[in-house]
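Residue numbers (the numbering used here), protein chains in the order written: chain A, 2 to 85; chain B, 2 to 85; chain C, 251 to 403; chain D, 251 to 403. Glycine residues also receive a C-beta, built at the ideal position from the N, C-alpha and C atoms.
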Amino acid sequence: MVRLVFLGKLGDVAPASLGEVSLPGEVRTLFDLKSWVARQQPLLGRAMEATPTRLILNQAVAHDLAAPIADGDEIAFLPPMSGG
Amino acid sequence: MVRLVFLGKLGDVAPASLGEVSLPGEVRTLFDLKSWVARQQPLLGRAMEATPTRLILNQAVAHDLAAPIADGDEIAFLPPMSGG
Amino acid sequence: MQIRIVQQSFDPQAEVAAFAKGRDDAGALVSFVGTCRAATDGMDARELRIDHYPGFSEKEIARLAGEVSARFDCPDLLVVHRVGAILPGEAIVLVAALSTHRANAFDAVRVLMDYLKTDAPLWKKESGPQGGRWIEPRAEDHVRRAQAEKGMA
Amino acid sequence: MQIRIVQQSFDPQAEVAAFAKGRDDAGALVSFVGTCRAATDGMDARELRIDHYPGFSEKEIARLAGEVSARFDCPDLLVVHRVGAILPGEAIVLVAALSTHRANAFDAVRVLMDYLKTDAPLWKKESGPQGGRWIEPRAEDHVRRAQAEKGMA
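Structural data, given as structure tokens:
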């Protein structure tokens, strides 16, 4: 099981069912996960394509999408920020 | 009679007696007044020489020391400012 | 350095007063308050909502504040950022700096605001009569961010 | 534009709160507070005294604020300047600006402070164990004033 967090406009189109998911065995990296999410939820996939999306793995910025994911990880999907 | 105001460090060395003065007839301009003050009070004269001093005539900056002064005028002597 | 993300409406002047209290060693206090405007870009914004990512948002804002603090030798920084549903007139963000020199305090607050606009993990949504829209940094925010980075702020 | 010279200690945060109250049209509020420090330049300043020239000081500060307000398109400026005997920890000067754009408010407050340092008809005297000394603008204040004039602020 991994925990997925969708922020901002991605949160608007992500169903609650994606909050906690069991990933199939072939989903091993962040890159795999992003593709899998886009396949599961085409609307969310298009939203991630339309805007630069950063991935955060266990609260740290993931610069390399080849990073492996493991059971218990938390992965967040961040569209462009607008603080201040 | 004219009213004289000495600010900042000039106020420290100007005697209260200079607050309200009757000027002799030959003191016709701001330039004359400044020289007259320096003659009356050499300590004040030296203080005005040691630091850039601006004259204010009736609450307006006097750019021309040849400006005439008249009975009832208020003239202020301003050393460099330090606000803020 | 104090960084806080708050869910409830806050009083920015009371925060600044508490931050500066007893600090008669620091002569200069600069503060910025960003408030939810009644109207933005011709749109009648009825409500603003700000999403955050608990834990990560605080950590990232603290990292940005740390960078600014080091760069301008200004350790005394305060950031309070509101999240959740915000009404017009309510404070969204407060950034304050205490310093012995005013130039440092001005630079620190200004540059930290530039950073927050583009780099703070927060997401703003305006809701008005025409529905909602998510706000993204404008081109000028990115320009300002790049200038701030290069020391042109 | 509000310009006030005050003889008594004032609460800068309360002033800013009153200045910004009800202004949900302006999203950006920048303020600067200069406080009497316990120690200045290695001198243990026990008390500060500021002289002013009644009438003229207010008028000149209003003129400087008017210049800054026009230059940065920032009509909503507040200046409160303390005069008389001031103790460590008490506020000396408050400058605040309200604007729809934060850049204008930052520029207005910063440049107005630069102007006040060299051009406001006020005279500061520090009194400590070694006696009193009148403060004059430092070389860096003049440099900053000249830069502010040229738009490099």
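- With contacts defined by Cβ atoms closer than 8 Å, M49 of chain B and A39 of chain B form a contacting pair.
- Within chain A, P81, M82, S83, G84 and G85 have C-beta atoms less than 9 Å from the C-beta of T368 of chain C, given in sequence order.
- Residue pairing by DSSP places R383 of chain C opposite C:E376 in a beta bridge.
- Close CB contacts of G339 of chain C within its chain, under the 8 Å cut and outside five residues either way in sequence, are with T285, C286 and A288 (chain order).
- Judged by their CB atoms, I300 of chain D and R332 of chain D are nearer to each other than the 8 Å cut-off.
- Only those residues of the stretch 326-350 of chain C whose C-beta falls short of 7 Å from the nearest C-beta of chain D are listed: P338 and G339.
- Comparing alpha carbon positions, the residue from A:P80, A:D33, A:P53 and A:L19 closest to Q42 of chain A is A:L19.
- A check of alpha carbon separations from A355 of chain D across C:E317, C:F282, C:G272 and C:Q263 identifies C:F282 as the nearest.
- Per DSSP, reduced to three states, the secondary structure at A268 of chain C is helical.
- Taking all protein chains shown into account, V345 of chain C has 16 or more neighbouring C-beta atoms within 10 Å of its C-beta and is therefore buried.
- Going by beta carbons, M82 of chain B and D364 of chain D fall outside the 8 Å limit.
- Where H392 of chain C is concerned, the enclosing alpha helix (DSSP H) starts and stops at A389 to K400.
- In the DSSP assignment, L362 of chain D falls within the unbroken alpha helix (DSSP H) covering R352 to D369.
- Not a single CB atom of chain B sits nearer than 8 Å to the CB of G277 of chain D.
- Per the Cβ contact rule, the stretch 255-268 of chain C is not in contact with the stretch 69-79 of chain B (fewer than 3 Cβ pairs under 8 Å).
- Residue pairing by DSSP puts R254 of chain D in a beta bridge opposite D:V330.
- Where V345 of chain D is concerned, the enclosing beta strand (DSSP E) starts and stops at A341 to S349.
- A Cβ-Cβ contact shorter than 8 Å links K367 of chain D with G84 of chain B.
- Per DSSP, the beta-bridge partners of L58 of chain B are B:A61 and B:I76.
- DSSP, read as helix, strand or coil, puts E21 of chain B in strand.
- Looking from the CA of V330 of chain C, the closest CA among C:A264, C:G378 and C:R395 belongs to C:A264.
- Below the 8 Å Cβ cutoff, chain D contributes Y303 and F306 as neighbours of A77 of chain B, in chain order.
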